[in-house]
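Numbering (our numbering), first residue to last: 2 to 484. Backbone N, C-alpha and C fix where the C-beta goes; we use that ideal spot for every residue, glycine too. For reference, the structure discussed in these notes is given below.
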Amino acid sequence: MGEGLSVETEGKTDFISREIEVFQTEAEDLARKHKMSPESKKLFNVLILGVSFMFIFTAFQTCGNIAQTVITNLNSTDFHGSGYTSMSIIYGVFSASNLFSPSVVAIVGPQLSMVVSGLFYSLYIAVFIQPSTWSFYTASVFIGIAAAVLWTAQGNCLTVNSDENSIGRNSGVFWALLQSSLFFGNLYIYFAWQGKTYITESDRRTVFIALTVISLVGTVLFFLIRKQEDTKAPGEADSTNEIPGESSSAQNKMTKAVDAFKRSVKLSFTKEILLLSVTTAYTGLELTFFSGVYGTCIGAVNRFGGDEKSLIGLSGIFIGVGEILGGGIFGLLSKNNRFGRNPVVMLGIIIHFIAFYLIFINMPSDAPIAPMEGTDGVAYMIPSKEVAIFCSFLLGLGDSCFNTQLLSILGFLYSEDSAPAFAIFKFVQSICAAVAYFYSNYFLLQWQLLIMVIVGFFGTVTFFTVEWKAAALRARGSEYSSI
């Protein structure tokens with residue numbers, strides 16, 4: 002029985018490997034026809050990576066933005082789920098799964114890891130077509146595991162296809178493509194839900210069937226990413242950046258998995274990672290706020306005059322515009338930026354503090370936890386749609402400042418330990434996001450803003466400390482070797 006199952010499993014693995022090789026062969030033929038240089042091939046991989054994530058997160062981020070509003074409008078006594086609770090489960094499992102995700106990537110390989118993870122993202126979105134409480138929370142657990150593997154493989158793939166000179170550009174390009182996902186899905190929500198005060202079953206099914214298909218398209222595109230050895234220049238020596246999982250030896254794969262776990266544990270206690278963890282924690286808190294809480298707040302304000310539901314989509318669009326603008330500008334300018342990463346992070350925290358203040362005076366304090374009927378409350382001014390949407394833009398722009406610089410500094414400092422380093426980054430970010438989604442069920446708006454202000458301040462200070470050391474290493478032309 003066990004041997005039969007083993008043979009069947011090996012057969013399926015061989016079949017999947019052959020299919021991946023077919024896709025890669027076609028991509029290689031296309032590359033040869035156009036005589037792509039090694040650097041062009043690496044940029045091609047980064048672009049495919051970004052476009053794949055754009056499709057998947059067009060679906061997932063739109064889903065997260067409207068989930069609580071959709072659930073509040075569910076006309077079913079059998080469903081008792083909460084969008085906030087689901088996201089808390091996702092990010093909680095996500096954080097724990099980052100402990101072993103480098104090992105999974107080492108065994109399976111980054112490409113297949115991203116493909117399988119993409120399928121679980123599609124499954125979670127499909128649950129909303131006909132939701133039930135048990136399937137909703139079960140899918141939340143599975144997507145938490147898949148997210149850890151997906152982002153660890155993404156960090157590895159991005160670093161492998163970058164060097165010290167291109168990591169800033171590639172981080173910005175990837176981030177701009179990723180965050181353009183906020184534009185497309187939310188644009189549909191804005192037009193489809195305009196004038197609606199209640200989301201019908203037909204509205205819900207139409208949206209989530211479309212989002213499921215979009216997620217699957219992004220998953221298929223991962224097959225076009227080429228293996229790392231195919232992107233090396235002739236005669237270029239192998240490095241520890243080689244994409245893991247390509248060895249045919251099961252023993253070697255297991256050794257890589259164990260080594261990846263050991264490196265993750267070792268890196269977790271280094272001074273630089275501990276300092277960057279405070280900055281990463283802030284990105285987790287504000288990720289929860291702009292991707293789930295703020296859209297819910299806008300959708301609950303009755304004083305927006307019947308446009309509150311469609312404004313959720315418009316808010317997501319302007320968050321995306323801020324993300325794309327920031328990712329594009331800071332990615333393109335990074336190569337010629339002689340002042341380092343600190344000014345960008347400083348700009349990010351100032352932008353966020355301005356946004357938090359405007360949200361504080363514009364939005365009712367009970368907006369995050371308002372019932373289906375919404376809230377008629379007023380803060381320190383009559384709620385303004387224009388101010389609310391402007392704050393969405395500021396939230397996106399500030400977030401791009403932090404995330405592009407975190408991706409860049411991690412890729413620079415840990416170029417030889419990319420998978421464990423990015424796993425730690427996502428571990429801290431996701432566990433803080435989980436905590437934030439949990440307290441979003443209970444805390445009024447002003448307390449959520451205060452928490453982000455405090456953590457954001459200290460996160461900026463700790464990032465400065467690490468960047469000063471990175472700048473000194475860069476000035477000496479030294480490789481990072483303190484670990």
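In the three-state scheme derived from DSSP, where H, G and I count as helix and E and B as strand, VAL116 is classed as helix.
In the structure shown, the three-state DSSP call for THR281 is helix. As summarised for the stretch 343-403, the continuous alpha helix (DSSP H) elements at least 4 residues long and confined to that stretch are 343-363, given in chain order. Of all C-beta pairs linking the stretch 373-391 to the stretch 421-438, fewer than three are shorter than 8 angstroms, placing the two stretches out of contact. Here PHE175 really is in contact with LEU50; their C-beta atoms are around 6 angstroms apart, less than 8 angstroms. Taking the Cα positions, ASP79 is about 12 angstroms away from ILE72. The residues PHE209, in chain order, have a CB closer than 6 angstroms to that of PHE129 in the same chain once the five nearest residues on each side in sequence are set aside. With contacts defined by Cβ atoms closer than 9 angstroms, ALA471 and LEU395 do not form a contacting pair.
Our two residues, LEU222 and LEU179, have alpha carbons roughly 14 angstroms apart in a direct line. PRO39 has its alpha-carbon roughly 45 angstroms from the corresponding atom of ARG206.
Straight through space, the alpha carbons of CYS433 and SER441 are spaced by roughly 12 angstroms. Residue environment for PHE403: buried (at least 16 other C-beta atoms within 10 angstroms of its C-beta).
Rounded to whole angstroms, the Cβ separation of GLY321 and LEU398 is 11 angstroms, and the two are not in contact under 8 angstroms.
Residue nearest to ASN187 within the set ILE67, SER163, VAL116 is ILE67 (criterion: CA-CA distance).
Bounds of the alpha helix (DSSP H) holding ASN46 are 39-73. The C-alpha of ILE299 lies about 11 angstroms from the C-alpha of GLY293.
If one requires a minimum length of 3 residues, no beta strand (DSSP E) run lies completely within the stretch 127-187.
For the beta strand (DSSP E) assignment, the stretch 397-462 encloses no uninterrupted run of at least 3 residues. In this structure, the CA atom of LEU277 is about 16 angstroms from the CA atom of GLY349. Between TYR122 and LEU159, the CB-CB gap reaches or exceeds 9 angstroms. Two segments are said to touch when three or more pairs of C-beta atoms, one from each, lie closer than 8 angstroms; by this definition the stretch 82-101 touches the stretch 143-150. Taking a contact to require three or more Cβ pairs closer than 8 angstroms, the stretch 211-225 and the stretch 353-363 do not qualify as touching. By the neighbour-count criterion, in which 16 or more other beta carbons inside 10 Å mark a residue as buried, TRP448 falls on the exposed side. Nearest in C-alpha terms to THR153, of all of PHE444, TYR438, VAL467, GLN430, is GLN430. Taken atom to atom, the span from the alpha-carbon of ASN157 to that of GLY412 is near 9 angstroms. In this structure, ILE190 is the residue among PRO421, ILE190, SER102, PHE143 with its C-alpha nearest to the C-alpha of GLN62. In the DSSP assignment, SER104 falls within the unbroken alpha helix (DSSP H) covering 102-109. At a Cβ-Cβ threshold of 9 angstroms, ALA389 and ALA301 do not count as neighbours. When the five nearest sequence neighbours on each side are left out, the beta carbons in the same chain lying within less than 6 angstroms of the beta carbon of TYR283 are those of VAL456, GLY457, GLY460, in order along the chain.
Residue burial is scored here from C-beta neighbours: LYS43 has at least 16 other C-beta atoms within 10 angstroms and is therefore classed as buried. For GLY84, the enclosing alpha helix (DSSP H) stretches over residues 84-98.
Across the set THR281, TRP194, PRO111, TYR438, the C-alpha of TRP194 shows the shortest separation from the C-alpha of LEU312. Nearest C-alpha to HIS81 among TRP135, GLU273, CYS64: TRP135. Excluding sequence positions up to five before and after VAL345, its CB lies within less than 6 angstroms of the CB of PHE331, CYS402, GLN406, all in the same chain and listed in chain order. A distance of 9 angstroms or more separates the beta carbons of LEU225 and ILE452. Using a Cβ distance threshold of 9 angstroms, PHE192 and GLY314 count as a contacting pair.
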